[in-house]
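*Asks:* Residue numbering for the first sequence follows my numbering, beginning at 3 and increasing consecutively.
Positions of the beta carbon are idealized from the N, C-alpha and C atoms, including for glycine.
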Amino acid sequence: MPKSRKTSGLKKFVSRPLMPVFYFHFSNQGFPVSQEKEGQASDGLWVGKVADKVLEEFPNQELYTCAAGISPSGVVHFGNFRDIATSLAVAQELRARGKKARLLFSWDNYDRFRKVPVGVDPSFARYIGMPLTDVPDPEGELPSYARRFEVGLEKSIEEMGIDLEYRYQTQEYKSGRYAEKIAFALQHREQAADIQLQFKTDKGNQEKGIDPEEYRRTYFPITVYSRFSGTDKVQVLSYDGGTKLTYRCLVTDKVEQIDFKETPVVKLPWKLDWPMRWGEEQVHFEPSGKDHMTPGGSYDVSSAISREMFGRKPPVPQMYLFVGIQGVKGDKMSGSKGGAISPATLLEIYEPSLLKWLYMRRTPMQSFNLAFDTEVYRQYDEFDREVVAYQAGKASPAQQKILEFSGVKKGEGVPLAFKQAVALGQITQWQPEKLRALAEKSGIACSEASIKARLSKAQTWLNRYNPEEIIALRTAINTDYAATMDGKRRDQIAKLRVLLQGEVTSIPALDEHLYGIPKDPALDDKATKVAQRGFFKDVYNLLIGKDAGPRLSTFLWALDRAAVLTLLEI
RNA sequence: GACCUCGUAGCUCAGCUGGUAGAGCAUCUGACUUUUAAUCAGGGGGUCGCGGGUUCAAAUCCCGCCGAGGUCACCA
3 MPKSRKTSGL KKFVSRPLMP VFYFHFSNQG FPVSQEKEGQ ASDGLWVGKV
53 ADKVLEEFPN QELYTCAAGI SPSGVVHFGN FRDIATSLAV AQELRARGKK
103 ARLLFSWDNY DRFRKVPVGV DPSFARYIGM PLTDVPDPEG ELPSYARRFE
153 VGLEKSIEEM GIDLEYRYQT QEYKSGRYAE KIAFALQHRE QAADIQLQFK
203 TDKGNQEKGI DPEEYRRTYF PITVYSRFSG TDKVQVLSYD GGTKLTYRCL
253 VTDKVEQIDF KETPVVKLPW KLDWPMRWGE EQVHFEPSGK DHMTPGGSYD
303 VSSAISREMF GRKPPVPQMY LFVGIQGVKG DKMSGSKGGA ISPATLLEIY
353 EPSLLKWLYM RRTPMQSFNL AFDTEVYRQY DEFDREVVAY QAGKASPAQQ
403 KILEFSGVKK GEGVPLAFKQ AVALGQITQW QPEKLRALAE KSGIACSEAS
453 IKARLSKAQT WLNRYNPEEI IALRTAINTD YAATMDGKRR DQIAKLRVLL
503 QGEVTSIPAL DEHLYGIPKD PALDDKATKV AQRGFFKDVY NLLIGKDAGP
553 RLSTFLWALD RAAVLTLLEI
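(1) Are there 16 or more other CB atoms within 10 angstroms of the CB of Met367, so buried, or fewer, so exposed?
(2) Does the structure place the stretch 464-478 close enough to the stretch 536-549 that three or more beta carbon pairs sit under 8 Å?
(3) Which residues in the same chain have their Cβ closer than 7 Å to the Cβ of Glu388, if we skip the five residues on either side of it in sequence?
(4) Alpha carbon to alpha carbon, how far is Thr172 from Ala194?
(5) Which residues share a DSSP beta bridge with Asp261?
(6) Please classify Gly489: does DSSP put it in a helix, a strand, or coil?
(7) Take the Cβ of Gly76 as the centre, count every other Cβ of all protein chains shown within 10 Å, and call the residue buried at 16 or more, exposed below.
(8) Are the CB atoms of Leu105 and Leu90 within a distance shorter than 9 Å?
(9) Count the other CB atoms, across all protein chains shown, that sit within 10 Å of the CB of Tyr301; report buried if there are 16 or more and exposed otherwise.
(10) So, using beta-carbon positions, are Tyr392 and Leu356 closer together than 9 Å?
(11) Would you give the residue range spanned by the alpha helix (DSSP H) that Leu558 belongs to?
(12) Would you check if the stretch 447-465 and the stretch 403-417 touch, i.e. whether three or more CB-CB distances between them fall below 8 Å?
(13) What is the DSSP secondary structure of Val389, counted as helix, strand or coil?
(14) Are the stretch 437-451 and the stretch 476-491 in contact at 8 Å, needing three or more beta carbon pairs?
(15) Can you have a look at Arg378 and say buried or exposed, based on whether 16 or more other CB atoms are within 10 angstroms of its CB?
(16) May I ask which residues mark the beginning and end of the beta strand (DSSP E) holding Thr67?
(17) Given this structure, state the Cα-to-Cα distance separating Lys102 from Ile159, to the nearest angstrom.
(18) Less than 6 Å between C-beta atoms, sequence neighbours within five positions excluded: which residues of the same chain meet that for Phe126?
(19) Going by C-alpha to C-alpha distance, which of Pro124, Leu570 and Asn82 sits closest to Asp540?
(20) Per the contact definition of three or more C-beta pairs closer than 8 Å, is the stretch 284-293 in contact with the stretch 200-212?
(21) What are the uninterrupted segments assigned as beta strand (DSSP E) that are 3 or more residues long and contained completely in the stretch 343-386, given in chain order?
(22) Assign Ile212 to one of two classes, buried (16 or more other C-beta atoms within 10 Å of its C-beta) or exposed (fewer than that).
(23) Within 10 angstroms of the Cβ of Leu567, are there 16 or more other Cβ atoms? Answer buried if so, exposed if not.
(24) Kindly provide the ranges of any alpha helix (DSSP H) runs that are 4 or more residues long and lie completely inside the stretch 191-257, ordered along the chain.
(25) Which residues mark the beginning and the end of the beta strand (DSSP E) in which Gln431 is found?
(26) Less than 9 Å between the C-beta atoms of Arg499 and Phe537, yes or no?
(27) DSSP three-state call for Gly291: helix, strand or coil?
(28) Within its chain, find whatever has a CB closer than 6 Å to the CB of Ile130; leave out the 5 residues flanking it on each side and keep chain order.
(29) Can you give the Cα-Cα distance for Val122 and Pro140, rounded to whole angstroms?
(30) Trp109 lies in the beta strand (DSSP E); which residues open and close that run?
(31) Could you say which of Ile307, Ser369 and Tyr467 lies nearest to Gln200 if we only look at CA atoms?
(32) Helix, strand or coil for Gln503, going by three-state DSSP, please let me know.
(33) Taking 9 Å as the cut-off, decide whether the C-beta atoms of Val49 and Lys403 are in contact.
(34) Applying the criterion that 16 or more other CB atoms from any shown protein chain within 10 Å of the CB defines a buried residue, is Val325 buried or exposed?
(35) Which class does Met278 belong to by DSSP, given the choice of helix, strand or coil?
(36) Just the C-alpha distance for Gln1 and Glu152, rounded to the nearest angstrom, thanks.
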């Protein structure tokens with residue numbers, strides 16, 4: 003998998019003769035490394051290999067930092083969440099190996115507001131160029147635009163029980179924490195320019211009209227937010243070699259000198275900001291989307307800057323592909339587009355552990371689809387099968403690991419199948435107690451917790467995204483269908499009415515009677531089956547206008563008896 | 001222009017450093033005195049995108065091509 007990753011120089015650090023020492027050291031601490039290694043190989047999970055790599059690049063750290071970060075420029079969508087999920091898996095793996103690991107999450111909210119997303123008042127265009135934390139909340143409630151979108155994700159993260167250590171970049175920058183690093187970058191601005199030039203193509207330079215000499219002379223590796231306009235539309239005029247610089251605000255044409263140690267309106271651009279923070283936070287692992295990981299992209303540039311300027315090895319990277327979505331019309335993935343699907347939206351349909359499981363079970367290099375259509379049945383079913391195997395102690399090591407990373411615990415019992423939650427939820431008016439009673443009556447074994455958890459998700463799934471799947475009792479007798487029925491079949495319906503008018507003691511008893519109605523001594527087994535099938539089809543058509551439906555005994559037992567009897571009056 | 005991922009059963013995908021093609025769902029058959037959006041057992045189904053190469057041996061490694069999706073070369 004880590005095929006053609008650029009490892010220029012990196013390999014040299016991890017000299018082979020060190021390996022035995024490495025092993026010895028660990029076994030001294032009571033970690034049977036060699037055995038554990040074999041174990042990892044057998045479970046074959048991507049996360050084990052990544053952790054191997056992290057431990058190889060950064061052996062013997064007190065604390066391992068797995069990072070993730072998102073710029074709150076709009077709704078944080080389900081694609082962004084892969085950043086967190088991937089880092090989470092690696093942190094968990096490191097912990098499983100007895101290491102201390104933290105999951106650091108940076109809100110890049112000191113980034114500039116770049117464009118107004120669909121769904122936000124177009125007049126917000128006047129804030130373009132300002133830091134996201136200085137743009138007001140479109141809904142006028144929260145302190146800032148950034149906060150609006152941070153809150154949504156943070157709530158979902160909490161719901162999923164993920165323990166993140168948050169960093170808010172505006173706060174960090176304003177605290178002056180980075181002032182020295184900014185000065186350092188400015189002092190080495192030619193070097194920063196050179197490194198970036200290495201990654202630019204001649205053709206690109208020609209097209210953009212970049213002259214390397216000119217670029218090197220005028221490049222300042224900073225963004226300044228003008229104190230006059232609040233935006234980054236600024237030209238840096240001079241730098242004193244310390245912490246003072248002079249800039250011209252291009253909006254107001256005013257010029258001033260500031261000491262950015264006292265007036266923190268200066269930010270490093272992404273390709274310096276990123277490696278600077280790797281050092282500041284001692285990051286050992288950070289995944290990123292392919293936009294960063296493409297050769298010559300920001301990871302390459304940032305790595306070079308990290309090594310050559312800041313003198314630190316870059317963290318182990320892991321590229322991930324984007325997540326797809328199906329079953330929802332006009333799919334809009336990008337956070338800067340309207341109608342973006344956030345983890346919060348997903349959590350209305352997926353339970354937290356299932357969602358985490360979907361993100362972590364496959365290698366990040368593989369794209370997968372989230373679904374709002376009947377595909378979720380399959381996902382829930384597959385998940386449940388593994389959970390059941392896990393509860394029984396029969397899950398494979400790989401399955402077990404991912405389930406545990408996802409937060410599944412032993413002794414939670416068998417979950418209610420999502421399909422059943424949808425079917426039975428409808429006939430119990432989505433009431434957990436009613437469903438539990440129904441499940442008990444008809445012999446469905448499932449945990450009470452799962453009923454509670456899944457019923458509301460099933461309801462949302464059905465009503466909001468799959469209304470065509472709704473089973474609704476007809477409001478009037480299906481005379482059209484009844485007209486197609488012969489006397490014998492009508493007779494069966496009449497028998498059913500009699501049955502339902504009497505006392506129904508239990509679902510299995512009702513079941514037996516139902517199968518008994520179409521039985522005829524003159525028919526052999528095969529023919530009986532056909533007759534029974536036909537009978538059920540008739541009942542479904544009369545009640546809900548479809549050829550099939552929920553298991554009939556359960557269905558009839560739960561439905562409003564009077565309404566059913568009316569519909570069967572043909 | 002460069003690069004990345006993917007292409008294996010009808011569908012969703014496993015197949016890690018090469019050793020006789022796998023799972024789930026779907027389908028079919030059968031069983032439980034019935035199977036309907038709930039059970040169990042069994043069966044069928046693949047020239048592993050195409051063409052070369054390396055090898056005793058290739059889904060797996062190498063080269064080329066085709067197809068699908070995506071990223072960078074502005075900014076983050």
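*Replies:* In short, the structure shows the following:
(1) Residue numbering aside, residue 367 sits at position 365 when the first sequence is read from its first letter. The residue is exposed, with fewer than 16 neighbouring Cβ atoms inside 10 Å.
(2) yes
(3) Taking the first residue of the first sequence as 1, we reach residue 388 at position 386. Contacts found: Ala397, Gln401 and Leu405.
(4) Position 170 of the first sequence holds residue 172. Position 192 of the first sequence holds residue 194. So the two alpha carbons sit approximately 23 Å from each other.
(5) As a working mapping, residue 261 is identified with position 259 in the first sequence. Asp261 pairs with Lys246.
(6) Within the first sequence, residue 489 is the residue found at index 487, counting from 1. Reduced to three states, the DSSP call for Gly489 is helix.
(7) Mapped onto the first sequence, residue 76 falls at position 74. With 16 or more other Cβ atoms within 10 Å, it is buried.
(8) Taking the first sequence and counting its residues from 1, the one referred to as residue 90 is at position 88. Taking the first sequence and counting its residues from 1, the one referred to as residue 105 is at position 103. Yes.
(9) In the first sequence, the residue the question calls residue 301 occupies position 299. Flag for Tyr301 reads buried.
(10) For the purposes of this step, residue 392 is taken as residue 390 along the first sequence, with counting starting at 1. For the purposes of this step, residue 356 is taken as residue 354 along the first sequence, with counting starting at 1. No.
(11) Numbered from its first residue, the first sequence carries residue 558 at position 556. Leu554 to Ala560 is the span of the alpha helix (DSSP H), which, as asked, contains Leu558.
(12) yes
(13) For this step, residue 389 is matched to residue 387 along the first sequence. Val389: helix per DSSP, three-state reduction.
(14) no
(15) Counting from one through the first sequence, the residue named residue 378 turns up at place 376. This sequence places Val at residue 378; Arg is not what is there. Buried, since its Cβ has 16 or more Cβ neighbours within 10 Å.
(16) As a first step, residue 67 must be located in the first sequence, where it is residue number 65. Residues Tyr66 to Ile72.
(17) Here residue 102 refers to the residue found at position 100 when the first sequence is read from its first residue. Here residue 159 refers to the residue found at position 157 when the first sequence is read from its first residue. For Lys102 and Ile159, the distance between alpha carbons rounds to 21 Å.
(18) Position 124 of the first sequence, counting from 1, holds the residue named residue 126. Val118, listed in sequence order.
(19) Numbered from its first residue, the first sequence carries residue 540 at position 538. Nearest of Pro124, Leu570 and Asn82 to Asp540, Cα basis: Leu570.
(20) no
(21) 371-373
(22) Taking the first residue of the first sequence as 1, we reach residue 212 at position 210. Exposed, because fewer than 16 other Cβ atoms sit within 10 Å of the Cβ of Ile212.
(23) Within the first sequence, residue 567 is the residue found at index 565, counting from 1. Classification for Leu567: exposed.
(24) 191-201, 204-210 and 214-220
(25) Taking the first residue of the first sequence as position 1, residue 431 is located at position 429. Neither: Gln431 is in no beta strand (DSSP E) and is coded neither H nor E.
(26) Here residue 499 is taken as the residue at index 497 of the first sequence, counted from 1. Here residue 537 is taken as the residue at index 535 of the first sequence, counted from 1. No. Outside cutoff.
(27) Numbered from its first residue, the first sequence carries residue 291 at position 289. Note: Gly291 maps to strand in three-state DSSP.
(28) Position 128 of the first sequence, counting from 1, holds the residue named residue 130. Correct list, in chain order: Phe115.
(29) To locate residue 122, count along the first sequence from 1; it is residue 120. To locate residue 140, count along the first sequence from 1; it is residue 138. Their Cα atoms are separated by approximately 7 Å.
(30) Along the first sequence, one-based indexing puts residue 109 at 107. Per DSSP, Trp109 belongs to the beta strand (DSSP E) from Ala103 to Trp109.
(31) Reading the first sequence from its first residue, position 198 is the one you call residue 200. Closest by alpha carbon: Ile307.
(32) The residue given as residue 503 occupies position 501 in the first sequence. It is helical.
(33) Taking the first residue of the first sequence as position 1, residue 49 is located at position 47. Taking the first residue of the first sequence as position 1, residue 403 is located at position 401. It is a contact, given that the beta carbons lie within the stated cut-off.
(34) Here the question's residue 325 lines up with position 323 in the first sequence. Under this definition Val325 is a buried residue.
(35) One-based indexing of the first sequence puts residue 278 at position 276. Three-state result, Met278: helix.
(36) Since the first residue shown for the chain is 3 and the last is 572, residue 1 is missing from the structure and cannot be characterised.
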